[in-house]
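Here is the structure we will look at.
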Amino acid sequence: MKNGFVIFLAGFAVLVTSWGAFVLGPQLQLGRAKQVPILNSTDVYPINRPGEAAQGLQVYRANGCAACHTEQVQQDGVACEVVLASAGKNPAVVSNLLSTLKLNGLTEEEAQAAVDKITAAGGKVETHIVATGPDIARGWGLRHSVAEDFLYDFPVQPGSVRIGPDLAGVGSRSPGANVVLQHLYAPKSVVKDSAMPPFRYLFEVRKIGGAFSPDALNLPKEFAPAAGYEVVPKPEAKHLAAYLLSLHADVPLYDAPFTPAATAKP
Amino acid sequence: MTVNDTKQIDSSCRVPLLVLFGGAALWLVVGSLLALAASLTFHMPDKFGDCSWGTYGHLQPAADDALLYGFCIPAGLGVLLWIFARLGQTPLRGALVPVVAAHLWHLGVLVGLVGIFLGDSTGFTWLEFPRGGSALLFFAYLLLGLWALMNFSGRRDRGMFPSHWFLIAALFLFPWIYSTANILLVGWPVRGVVQAIVAWWFGNNLVFLWTSLVGIGAAFYFLPKFSGRPLHSYYYALFAFWTLLIFGSMRGVPVGAPVPAWLPTLSAMNSLFLVVPVMAIAVIGWKTVRGGAAAECKGGSFCMIKFGFVAFILSALLLVAVSCPQFGRVTQFTWFGAAQTQLQLYGFFSITMFGAIYYILPRAVGIEFAFPKLIRVQHWCAMLGVIIFVVSLVIGGVEQGLKLQDPHVAFADSTKAMLPFLRASTTGLLFMLLANLLFALNIFVMILAWKLSVAKALFAFVISPLTKSEVKV
C-alpha cells in the first residue's frame, strides 16, 4: 500500500503538469489577448462580428458545420517577390534584365540581390512578402490562420477535417450573400461537383402572394420550386450567410506578415 | 479463495453490471445506426436536406458520442468494478449506489444526444453534450467512481496490482478533465483560441488516454488469466504505466493549429515518445501470452482481448506516425484521423470490452448466454468491420491528403477521390452494426432471462406454503 500511495502521488503530479501545460499555460499566454495592430496601418484586428454574423456563428455551431469544414489556413513559409514599380529612364535595359531574373519565390538575400541589380540598371522596384503553401495557392487565404482570428468567437471551431473546403477566408472570396444562400439551398446549383448536402430546412418554400419577396432566391431552372412558389431564407439562413461573409482572415499581422494587395499598386 | 467466495464476489456485481452493460449495449446499437446514417450522406447527399437532425453535422457527433459516452465509458466502468472486486477478493458492497449511478449516466447520454439533435450541441468535439447532459454524466461518474474507490479501499487482499494502477488513474482522470472542459468551455468560457486548446487537450485525454488506461488495465488482468502465466513483469508494467501517463496526457494539439507554436510542437514531441510505452506494452503482452498453457482461443474472450491489444498498438503507432511533420502535414484534415479514432475506440477499446463482458456477465448473473455460437460470429463481424473501415480510410486519407497538398488538383477532386474509400468504410460500418446487434441480442436476452428468474423466484416465494416454524399453533 505504501507503493500505492507513491504511485497515486506521482500520477497526480503528471495530471497537474498536463493541466498546467495545456490549460493554465495557454490561458496565461492568451487569456487576456487584446486586439492587435494591423501591419502598416493604424487599424486594429479583429473587430467583433456584427450582430447577425454573431448569431450566424450559433447556427454554424448548432448544425455542426465544423464536422466537415475547417477554419484554419495552413502556410509552409514566406517568400519574397520583386515587383517593378517604374522602369525608370532605361526601360529597354530594365526589361531585358527582368527577363533574365527570377522574381518569385525568393529568399530575402536573393530578393535583395535582384533589387540591387535592377536599381543599378535604373529601375524602381518593391519587394513584397507573400505566404506560400498549397492552401494559399488554392486561394483560401493570404496567410495562415492565427490565434487573433478567433479572439471574439464563442465557440471557437477550427475544425479537423476537410470534407468541404476551408472557410477561414470564405467572406473574401465569396461573390455575396445571394450566392451563399443559393449555395446553402442547392449546393450543386453553384458548384457542380459539390458533395455538400443541401440545407433546405433553413429555407421556406412558399406560395408567391401579391408580389415576389425581396429575399427570394434566384435559382436556376432545375433547382427552382414549382411555378407560383418561391424560396425564401429563414432568419437562420440569413444569419449563417452573414457569419460566413464575415470570415476574412486576410490582414497582415505581426505573427503572420505579408504585403497586402492594396499597397502593391504603385 | 474458495469457489464459493468467487461466486459470491461475482454475483455481488450482478445488478450494477446488468444496468451498465445493458444500457451500453443499447447505445452501441444506436451509435452504429447513427454512424451508418451519417455515412450515407456521402452516397446520396441530396436526400438529407429537409430536416435538421438528418444532416451529417448532427448525425456524426451524435454517433461518436453514443459510442464513447454511451458504450465505452459505462462498459469500462462495469469491467472496472468487477476487476476491483475480483482482485480485492471482496464482494461489492452497496450495489444500489452503482445501480443508481448507472441509470443516471444512461439518462445523461439520452439527454445529451437529444440535445445534439435539437441543435444544442456545444460545438466542441467530444464535448457536444449540452450542459444538462454533461451535469448528469459528471455526477453519475462521481458517484460510481467514489463507490468504486470505497470498495477498493475496503478490499480484503491488500495487494496493489498493475491493473489497479491503470484503472485507478482512469477513475481520477475523467472527473478532472471533464470538469475542466465543462467549466472552461461551457460554464465560464475562456477567450478565443484557448477554447480550442482546452477542447483538444480534453479530447485527447478522454479518447486516447482514458480508453488506453482502462483497456490496457483490463487486458493486464485478463491476458495472464487466460494464458495461465503471470504478467511479465511488474517493473515493465510500472514503466509502461508512467510513460503512457506522461506522454499520453500531454498531447492533442494538431500540427499547424492557429495557436502559439510551442503547443503543437510539445504535442508532436509527446506523440513521438508514445512509441516508448507502446513498445513496453507490446513486450508485456507478447511475453505474457507466448507459450501460455491455455493459449487457445476459439473466437471467445481471449481472442477478442488479444485482438484489442494488437489494435491498441497499431492505433498508438498511427499517432506516432502523424507526429512526424512530413507525414502529419499530409494526413491532417483528412479521413486518416477518423480511422485512428475508430481503431482506438472500436478496434481496441470496444472489442476488449466485448471480450471482458462475455467473460464476466455469465459468471455474475449465473446464466449462460442464450446464443453462445453468435459470440464467435460477433467477433468476426466486429473484427472484419473495423479492419475494412480503418484500412480503407487510412489509405484514402493519405490519398486525399496528397491531393489536398497539391494546389493544382481541384478541391472537388480530392472529395471525389474519397468516394470508393467511403463506400468501403460504409461496408465496414455495416459489419460493425451487425456485430453490435449480435452483442446486444445476447445481452438483452440475458437481462430478460434474469428478470424472468427473479420474477419466478418472487412468485415461488409468494405462493410457497409457510414453514412450520412460522405458523403459530
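From first to last, the protein sequence lines stand for chains A and B.
Going from the first sequence to the working numbering is simple: count from 1 and add 43.
Going from the second sequence to the working numbering is simple: count from 1 and add 3.
Every residue gets a Cβ at the ideal spot worked out from N, C-alpha and C, and that includes glycine.
| query | result |
| --- | --- |
| For A/A220 and A/G99, believed in contact at Cβ under 8 Å, the rounded distance | Not a contact, Cβ separation roughly 11 Å. |
| Meets three-Cβ-pair contact criterion under 8 Å: the stretch 174-184 of chain A and the stretch 401-411 of chain B | yes |
| Where B/Q63 meets chain A, residues with beta-carbon distance less than 9 Å | G107, A110, C111 |
| B/L451 to B/P165 span [Cα, whole Å] | 36 Å |
| For B/A438, the nearest candidate out of B/L21, B/L31, B/S14 (CA to CA) | B/L31 |
| Beta-carbon gap between A/G271 and B/T418 smaller than 9 Å | no |
| Interface flag, B/Y59 vs chain A, CB-CB below 9 Å | yes |
| Which residues DSSP lists as bridging A/V204, in chain order | B/F336 |
| Within-9 Å CB hit, B/S456 to chain A | no |
| Interface flag, B/I287 vs chain A, CB-CB below 9 Å | no |
| B/C75 vs B/M356 beta-carbon contact at 9 Å | yes |
| Contact list for A/Y244 against chain B, beta-carbon separation under 8 Å | G52, D53, C54, S55 |
| Host beta strand (DSSP E) of A/Y272 (start-end) | 272-276 |
| Residues in the stretch 377-391 of chain B having any Cβ partner in chain A nearer than 8 Å | none |
| Reduced DSSP secondary structure (H/G/I, E/B, other) of B/I370 | coil |
| Counted within 10 angstroms of its Cβ, other Cβ atoms place A/T85 as buried (16 or more) or exposed | exposed |
| Residues in the stretch 190-208 of chain A having any Cβ partner in chain B nearer than 9 Å | A190, E191, D192, F193, L194, Y195, D196, F197, P198, V199, Q200, P201, G202, S203, V204, R205, I206, G207, P208 |
| is_contact[A/K264, chain B] using C-beta, thresh 9 Å | no |
| With 16 other Cβ atoms within 10 Å as the buried cut-off, status of B/Y238 | exposed |
| Exposure label - A/K308; buried when at least 16 CB within 10 Å | Reliability of the predicted coordinates at A/K308 is poor, the pLDDT of 41 falling under 50, and the value obtained from them is presented with this limitation in mind. Looking at its Cβ environment, which holds fewer than 16 other Cβ atoms inside 10 Å, A/K308 is exposed. |
| B/W213 versus B/I171 - alpha carbon distance | 11 Å |
| Assigned exposure category for B/G79 - 16 Cβ within 10 Å defines buried | buried |
| Inter-stretch contact (C-beta, 8 Å, three-pair minimum) for the stretch 271-283 of chain B and the stretch 240-253 of chain B | yes |
| Minimum Cβ-Cβ distance from A/I251 to chain B less than 9 Å | no |
| 7 Å CB neighbourhood of B/S480 in its chain, flanking five on each side removed | An answer regarding residue 480 of chain B cannot be provided, because it is not within the stretch 4 to 476 covered by chain B. |
| Rounded distance between the beta-carbons of B/F434 and B/I398, thought under 8 Å | Wrong, their Cβ atoms sit about 18 Å apart, outside the cutoff. |
| Three-state secondary structure assigned by DSSP to B/H61 | helix |
| Distance between B/G126 and B/F330 (C-alpha atoms, nearest Å) | 28 Å |
| The stretch 63-92 of chain A: positions lying closer than 7 Å to chain B by Cβ | A64, F65, V66, P69, Q70, Q72, L73, G74, A76 |
| Proximity test, Cβ basis, 9 Å: A/F55 and chain B | yes |
| Local conformation of A/Y297 per DSSP, three classes | coil |
| Contacting residues, own chain, Cβ-Cβ under 8 Å from A/I81 (five flanking each side not counted) | V87, Y88, V294, P295, L296 |
| Residue interval of the beta strand (DSSP E) (run including A/K160) | Not the beta strand (DSSP E): A/K160 falls in the alpha helix (DSSP H), residues 151-163. |
| DSSP three-state assignment for A/A307, whether helix, strand or coil | Annotation note: pLDDT 44 at A/A307 (below 50); position unreliable, no value reported. |
| First and last residue of the uninterrupted beta strand (DSSP E) at A/L127 | 120-129 |
| For B/W150 and B/S156, the rounded distance between their alpha carbons | 10 Å |
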